[in-house]
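Novice:
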Amino acid sequence: MKARRPWSTYSLTAGIAFWTVMAFGGSVGLTSASDGSAMGSGTAWLRNTPFENYLLPGVILGTLGVGGAALTALLIRAVRAHGRRGTPSSWQWYFALIVTLGHFGWIAGEIALMWDPVAGLPSHQKSFFYGFWWSFGLLSTANLLLVFSPSTRRILGGPAGP
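In my numbering, the protein residues as written are -15 to 146.
(1) For the region 50 to 65 and the region 102 to 110, state whether three or more C-beta atom pairs, one from each stretch, are separated by less than 8 Å.
(2) Tell me which residue opens and which closes the alpha helix (DSSP H) that Arg61 is part of.
(3) With Gly49 and Ser11 assumed to form a contact (beta carbons below 8 Å), what rounded beta-carbon distance in angstroms separates them?
(4) From the DSSP output, in three-state form, read off Leu105 for me.
(5) Going by Cα to Cα distance, which pick from Trp90, Pro134 and Ala17 is closest to Met6?
(6) Terminal residues of the continuous alpha helix (DSSP H) containing Thr(-3)?
(7) Ordered along the chain, which non-local residues of its own chain (more than five positions away) have a Cβ less than 7 Å from that of Phe120?
(8) Do you know offhand how far Glu36's Cα is from Val63's?
(9) Quick one, which of Asp100, Gly20, Pro143 and Ile60 has its alpha-carbon nearest Gly(-1)'s?
(10) Got a sec, what are the start and stop residues for the alpha helix (DSSP H) Pro72 sits in?
(11) Apart from the five residues on each side of it in sequence, which residues of its chain come closer than 7 Å, Cβ to Cβ, to Leu(-4)?
(12) Measuring straight from C-alpha to C-alpha, what distance separates Phe79 and Ile139?
(13) One question on the structure: do Ala22 and Gly13 come within less than 8 Å of each other, judged by their Cβ atoms?
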């Protein structure tokens, strides 16, 4: 009997890897110039947020990128070793859940905190943000849901499904 391929886990790996690359790029842009000039924005966009400049958001985004890189490596290792080793440790699945919740929380927080400043931007800038938010909102939601797929739970040692 041919083994089934864990497509949902492959999809999660690709989604997390893409999120991670983008997080590292955004982190460099935010931390390299905390006034926002490297990203073509200003600190006025941060009004009504808990941040005075972009340094701390850049550090947080970089931390999410490090978590995503570790998760990507863990997923690749787990998929390659699937079926050739004993039962995986459940910490791997919980780590995946924490990272995907962090990514989801980042984009949800960005939308919540930046909605009003973005609404006042020229239409081309507003369209960029809305498109970015839709794309990463859907990607973050998909990644979070894929963590709960049977193949991901099995490969990473997560709890048994319903």
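Yeah, the Cβ is synthetic: ideal placement off N, Cα and C, and Gly gets one too.
Specialist: Quick answer:
(1) No, they do not touch.
(2) Leu39 to Ala65
(3) 6 Å
(4) coil
(5) Trp90
(6) In the DSSP assignment, Thr(-3) falls within the unbroken alpha helix (DSSP H) covering Trp(-9) to Ser16.
(7) Ile91
(8) 42 Å
(9) Ile60
(10) It is not in any alpha helix (DSSP H) - Pro72 carries neither H nor E in the DSSP assignment.
(11) Leu59, Asn127, Leu130, Val131 and Thr136
(12) 13 Å
(13) yes
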